[in-house]
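Trainee: Residue numbers (full-length UniProt numbering): 1 to 1027.
Please see the structure below; I have some questions.
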Amino acid sequence: MEDMKIDDDSDNATMERPPEVDVFSDFVMLVVPKLGQETARWKYDVWREEKRLTIFTLKYTDEMEAVAAVDDCLCLQFTFQPSDPSTYSLTPTFSSGGQKKDPFFIENVLGKSTLTSSPDVQILLTHLDNGHQTENPTTLNDAPSSESFSKFEAQVVPKFGQETGVWKYDVRREKKMLTIFRLGYSDNVAVVADCLSLHLVSNPVDLTADTFAPTLSSNGKIAEASYIRNILGKLTVTSAEDAQTILGHQDDSYVSMDVDKIVSQDKMDGDALSKHGESLQSDDDLDEWIAPFEEDSGDEYYVGDPENEEDDALEVDSSSLFRQPQRKTKASAVELQTTTTDKKRSVEESNEVDVTRQPKSTIVSKKRKVAEPRDERDQDDLFAQMCAASTLKLNLDDIPSLPVHEGCGGTILSSQYWTVPGASREKLNCTMDVFVYSVAMESLPNLRDGPEDSLADSVTYAWMLLVHLLGGCEAITRSFAYTTSGTCPIERNELAMSVVNVCDAVIEHMQRTFSLTNPEKVRAEILSMLKPLTSVTYKDQKSYTDGRSRFPSDIFLRDYLKESSHPAEGKVQVAHGFDFYVDEEKLREMEERYNEQEIGLPVRQRWCRFAMDIVVEMVGGVDVIIKGRHHIKGSTLALIGEDLHDATYERARKTFGSEEEFAYSIFRRHIQAMFCLKGRVYVEESTRLMASILFPSMVDASSGSNAVPALLVPEVDDPPAEPGCNYWTSPAPHRTRLSPNSDFYMLTARLVEYQRYLGPQRSKRKQIQGAGNREYTGYLKALVAYAVGGEGVFVKRLLQRRRAKKEGKTVTVLDEAMIVALFEHVELLYELPANTRKSAMKKLYDSVELYSTSLLKLYDKGETRWYFPEVDERPRPEAVALLEAQEYWRKPASDRTQLRPSHDVYITTKVLKSIASYFGPGSRESDIKKYSNALMLHMLGGLETAYELREGKTFYDGFRSMFVFDDLVAVCLHSDEVFQLMFSISPSDSLINATVRMNRAKKHLRRKTERKEYQPVKNTLYHALHV
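Encoded structure:
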């Protein structure tokens, strides 16, 4: 077969194609339709370099029909017969549902084991279509579609070339859904690797406000909603650019870099070098080295730049830095593809291989001022890896470092002092303008005095000079690690190209100065030694908090920080080791302002305001910070990250001097509190979570059904397993078994109530991670307390157990088998992986013990709402007596209404009607937050009594300590029912809302103790409660 020939000197370059390429292309033209692939049942995937055609159908595996999977798949491997250009064969591999079928299946259909023409393909597809009794997708997709969906489809879906593109498209117009996916392969079986489904959510009032609800999945697993928010800064897709941004992020899971390439030893042998020649000018002379790296972002993900997708691989040949990008098999964002050096690499990709990286655990003391990248022990390990990467087995400890120039800033970008000439600088003997510190040049070894063509000496010379020009080993490590943080504004390719250019300049200088005869070997050796430095990830960097990885700035600030992340004329580096740059003149103004005009400020205010002014200047204004604070959930530190925080702290130390030394921990705490947002309570609309069980009559009415409401809790029930407890050992229609391995049952209604407000559907994470994880411990605490008989019984039993232990006796709070059943119930509910169940059991046990211990400590301090005279010899606290005096509603009466079945909360009917008339549906101030707040204040005895209880600071956690959790659940469920599920409020939100409203009334209520002429404000809340 003749090689491909390109005449670079001709405007119209001619290319001789192998005949097998033409035959395969002709076959593809006959089989693959040109238009309408996005709406057709059969999809196509063409790999020209592999001469393979895959024809497949899709199915959707979830209830929302948003997670695509390959159903039927026919993979055809093209084989060319050189003797007869018209003769070819296709070796088929048929699979269904990801499982290969017997080869005899195709032979039974066609009468032969291979396909020899395009009609054979059509016959086989027709046979498969007849075996599927499905609706015609073409007819379905001819249904009228909304104008918004049609416009979006035209902008996103390409009309031609879908069969050769990485991303495929499936349009279901009748469902207003667009699915974008890409394939992976495992043994000629196609699977869906990444899938993005977009469902049109129409706004009947404003058609221009139509949005798309995205569902992103990888290998069948749906990503969290926060994953989309981290990429787009929002939860919905509103334009074609948003969709492209998500696809670009998935594409950028791999970045091919020259500095990440690994040179095989056999390619560096003299025989191989002489075979390919010393010039290495052909693309076929070297294997393609690609080393994937994992994006590190903690709970965040890296958002790539789709504009840089063409810069897919750095070439080894210095005359052409980038090779024309070829189609590559891309792994999903959460699974990595193993490195391959075969030029004809396989495109098979298994969706079952889970490659996880285990970074070294790095711990740092809280006494340090600012985070360092690695400690001495890790640095030794890093040097050991670099020595192992060297084919010469050089001992890097024996290679001295060149003197560092004062212009080096601790990163690659900030260490490029050599780009401009200056005093005491020498220009390297190369085309690139490189002006090196004279002292450094004098410290280099003299290759003229050494043995001729000594590879070790040449590598040593090149390594010393290259590392000096890049700022040192720590600068290289720090810079490349920062690019894997997931939110770094600096592109990794940018650094890679900088390294390659400097390396080429060094090699060129050595060739011209010392007549270097083996430049390729030296270059390959240097790049292989650099790889350990460039492979350190951001997760390996130390954080202020012990045992945790360092966290970067939020993805929201990525675009705002781009202009401040590169050195430029008139800008100064904020701090050594950080790629943050601020206008020199504005920095001088800030320093003068806080040194002179604001001299009267306390130290903490001067330091923190100065630091935040630098951040504001870098991101482009205070409005960006305020907008970012609304964008994230967390403190200001979570927005700016530890890098910006540490850089501004170091700049403040440099500005104000050591005489005003401000502790790092205190500075960190104050930065967290800056730009704090006022507490907001979000009311959810149309909340239907567990509604079919909790509000069956309401759900039936909304659906037009006349079904009889289910009986949640019977009036008379069987006695529980133990007196006073709330669990049973016998099944019943209104009970639910806790776990398959236990014989314990609980009321279905109560389990559903807890899951509505504390379950995994309301949580950010579904998996158990630690003893302090609020996402499951809140549910577990409520469940344990309810099983014992309530919060009060639980605290009392803890006190009895502690007293019995002192007397040498044993008292159990809850049956051990019941505890195991509760733990298994939580494990199954939160979908804990089977391989971590053993450790999770201990974490669940630790969380209960930690909760029990804290309750006992608080009770001893008198900071709980409980008092038990039979186990406590102290007098009853006044605050507890006042609180108990208000709880008339614990007992039923004829003039009272029970808020919820199985909850002992009976509010005076007249009061409920009054509150509903002021804040209920249809009232002038209709608001579920005001309604629930008024109800809670009534249960505490009114606004003034609630204020007195809160300001007395007897209870450790404010309103939360004044209420039993089950009572709050009753209030919230009652409020949801009153507002007919159009709005919903949770117990946590109701407590936040009550605290905010109490703070607003605080100023006026203080007048009661300060002035005699105090008169209560008779507002709507006053009138609602005083009936």
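All residues carry an ideal CB built from backbone N, CA and C; glycine is no exception.
Just so you know, these numbers come straight off a predicted model, no measurement behind them.
Quick check on the DSSP output: the beta strand (DSSP E) that includes E426 runs from which residue to which?
Mentor: For the purposes of this step, residue 426 is taken as residue 426 along the sequence shown, with counting starting at 1. Run containing E426: 425-427, per the beta strand (DSSP E) assignment.
Trainee: Where does M177 sit, in a helix, a strand or coil, going by DSSP?
Mentor: Start at 1 with the first residue of the sequence shown, and residue 177 comes out as number 177. M177: strand per DSSP, three-state reduction.
Trainee: I'd like the ranges of any alpha helix (DSSP H) spanning at least 4 consecutive residues and lying wholly in the stretch 579-616.
Mentor: 584-592
Trainee: Which of the three DSSP states, helix, strand or coil, is assigned to V996?
Mentor: The residue given as residue 996 occupies position 996 in the sequence shown. V996 falls in the helix class under three-state DSSP.
Trainee: Residues in the same chain with beta-carbon distance under 7 Å from R750, minus the five sequence neighbours each way, listed in chain order, please.
Mentor: The count along the sequence shown starts at 1 and reaches residue 750 at position 750. Here the set comprises Y786, S902.
Trainee: Should Q281 go down as buried or exposed, given a rule of 16 or more other Cβ atoms within 10 Å for buried?
Mentor: For the purposes of this step, residue 281 is identified with residue 281 of the sequence shown, where counting begins at 1. Low confidence applies to Q281: its pLDDT is 32, below 50, so where it sits in the model is not reliable, and the reading given next is rough at best. Burial call: exposed.
Trainee: Count the other C-beta atoms from every protein chain shown that fall within 10 angstroms of the C-beta of M29, then say buried if there are 16 or more, exposed otherwise.
Mentor: Position 29 of the sequence shown holds residue 29. Flag for M29 reads exposed.
Trainee: With DSSP run on the structure shown, which of helix, strand or coil describes H631?
Mentor: Locating residue 631 in the sequence shown gives position 631, where the first residue counts as 1. Residue state, collapsed to three classes: helix.
Trainee: List in chain order: all unbroken alpha helix (DSSP H) runs of 4+ residues lying wholly within the stretch 723-769.
Mentor: Taking only runs of at least 4 residues, the alpha helix (DSSP H) segments lying wholly in the stretch 723-769 are 748-758.
Trainee: Where Y947 and A994 are concerned, what is the direct C-alpha to C-alpha distance, given to the nearest angstrom?
Mentor: Looking up residue 947 in the sequence shown gives position 947. Looking up residue 994 in the sequence shown gives position 994. Going from the Cα of Y947 to the Cα of A994 covers about 11 Å.
Trainee: For R230, count neighbouring C-beta atoms within 10 Å of its own C-beta (all shown protein chains included) and say buried if the count is 16 or more, exposed if not.
Mentor: For the purposes of this step, residue 230 is identified with residue 230 of the sequence shown, where counting begins at 1. Note on residue identity: the sequence assigns Asn, not Arg, to residue 230. So N230 ends up on the buried side.
Trainee: Per the DSSP calculation, S549 is bridged to which residue(s)?
Mentor: If you number the sequence shown from 1, residue 549 lands on position 549. Partner(s): K542.
Trainee: Where do the ends of the alpha helix (DSSP H) carrying T164 lie?
Mentor: What you label residue 164 is simply residue 164 of the sequence shown in a count that begins at 1. It is not in any alpha helix (DSSP H) - T164 carries neither H nor E in the DSSP assignment.
Trainee: Buried or exposed: where does L798 fall if 16 or more other Cβ atoms within 10 Å of its Cβ makes it buried?
Mentor: Residue mapping note: residue 798 aligns to position 798 of the sequence shown, counting from 1. Classification for L798: buried.
Trainee: Locate the beta strand (DSSP E) running through L466, then write down its first and last residues.
Mentor: As a working note, residue 466 is residue 466 in the sequence shown. Careful: L466 lies outside any beta strand (DSSP E), inside the alpha helix (DSSP H) at 455-469.
Trainee: As a quick exercise: from A817, T211, A223, D210, pick the residue whose alpha carbon is nearest that of D194.
Mentor: Position 194 of the sequence shown, counted from the start, is the residue given in the question as residue 194. Ranking A817, T211, A223, D210 by Cα distance to D194 puts A223 first.
Trainee: Starting from the Cα of T79, find the closest Cα among E715, L196, R48, E849 and give me that residue.
Mentor: Residue numbering aside, residue 79 sits at position 79 when the sequence shown is read from its first letter. The residue with the shortest Cα to Cα distance from T79 is R48.
Trainee: Tell me the start and end of each unbroken alpha helix (DSSP H) in the stretch 795-849 that is at least 4 residues and wholly inside, in chain order.
Mentor: 816-829
Trainee: Please state the DSSP three-state secondary structure of W418.
Mentor: Walking along the sequence shown from the start, residue 418 turns up at place 418. Of the three classes helix, strand and coil, the one that applies to W418 here is helix, per DSSP.
Trainee: Spell out a yes or no on whether the stretch 424-438 and the stretch 470-490 are touching, meaning 3 or more CB-CB pairs, one atom from each, closer than 8 Å.
Mentor: Verdict: no, contact absent.
Trainee: Quick check: the stretch 529-544 against the stretch 603-613, are at least 3 beta-carbon pairs closer than 8 Å?
Mentor: no
Trainee: Please state the DSSP three-state secondary structure of G248.
Mentor: Taking the first residue of the sequence shown as position 1, residue 248 is located at position 248. Here G248 sits in helix by DSSP.
Trainee: What's the C-alpha gap between L53 and G165?
Mentor: Locating residue 53 in the sequence shown gives position 53, where the first residue counts as 1. Locating residue 165 in the sequence shown gives position 165, where the first residue counts as 1. Each residue's alpha carbon lies about 13 Å from the other.
Trainee: So, under 8 Å CB-CB, T513 and G471 are touching, yes? Tell me the CB distance rounded to an integer number of Å.
Mentor: The sequence position of residue 513 within the sequence shown is 513, counting from 1. The sequence position of residue 471 within the sequence shown is 471, counting from 1. No, T513 and G471 are not in contact; Cβ-Cβ is about 23 Å, not under 8 Å.
Trainee: So, is Y888 buried or exposed, given that buried needs 16 or more other C-beta atoms within 10 angstroms?
Mentor: Position 888 of the sequence shown holds residue 888. Classification of Y888: exposed, given that the 10 Å Cβ count is below 16.
Trainee: Consult DSSP for Y1022 and reduce its assignment to one of helix, strand or coil.
Mentor: Along the sequence shown, read from residue 1 onward, the residue named residue 1022 stands at position 1022. The answer is helix: DSSP assigns Y1022 an H, G or I state.
Trainee: Distance, Cα to Cα, S730 vs F105?
Mentor: Here residue 730 refers to the residue found at position 730 of the sequence shown. Here residue 105 refers to the residue found at position 105 of the sequence shown. Roughly 52 Å between the two C-alpha positions.
Trainee: Mind the definition here: the stretch 817-830 touches the stretch 776-783 only if three or more C-beta pairs lie below 8 Å; say whether that holds.
Mentor: yes
Trainee: For L1025, I'd like the list of residues in its chain whose CB is within less than 8 Å of its CB, leaving aside the five on either flank, ordered along the chain.
Mentor: Your numbering for residue 1025 matches position 1025 in the sequence shown. Contacts found: V911, S914, I915, A934, L937, H938, G942, L943.
Trainee: Rounded C-beta distance between I526 and V436? I'm assuming under 8 Å.
Mentor: On the sequence shown, position 526 is the one that residue 526 refers to. On the sequence shown, position 436 is the one that residue 436 refers to. Approximately 17 Å separates the beta-carbon atoms of I526 and V436; this is outside 8 Å, ruling out the contact.
Trainee: Are L110 and L124 close, meaning C-beta to C-beta below 8 Å?
Mentor: For the purposes of this step, residue 110 is identified with residue 110 of the sequence shown, where counting begins at 1. For the purposes of this step, residue 124 is identified with residue 124 of the sequence shown, where counting begins at 1. Yes; because the gap between Cβ atoms is below 8 Å, this pair is in contact.
Trainee: Let's see if you can read the secondary structure: which residues bound the alpha helix (DSSP H) around D643?
Mentor: The residue given as residue 643 occupies position 643 in the sequence shown. Annotation for D643: the continuous alpha helix (DSSP H) segment containing it runs 636-656.
Trainee: Please classify P532: does DSSP put it in a helix, a strand, or coil?
Mentor: On the sequence shown, position 532 is the one that residue 532 refers to. Correct three-state label for P532: helix.
Trainee: From the DSSP output, which residues share a beta bridge with K59?
Mentor: By 1-based counting over the sequence shown, the position of residue 59 is 59. Note: K59 sits in a beta bridge opposite A69.
Trainee: DSSP state of V1027, grouped into three classes?
Mentor: Here residue 1027 corresponds to residue number 1027 of the sequence shown, with the count starting at 1. Here V1027 sits in coil by DSSP.
Trainee: For the putative contact between residue 1033 and M674, defined by C-beta atoms under 8 Å, what is the C-beta separation to the nearest angstrom?
Mentor: This structure gives no information on residue 1033, because the portion of the chain shown stretches from 1 to 1027.
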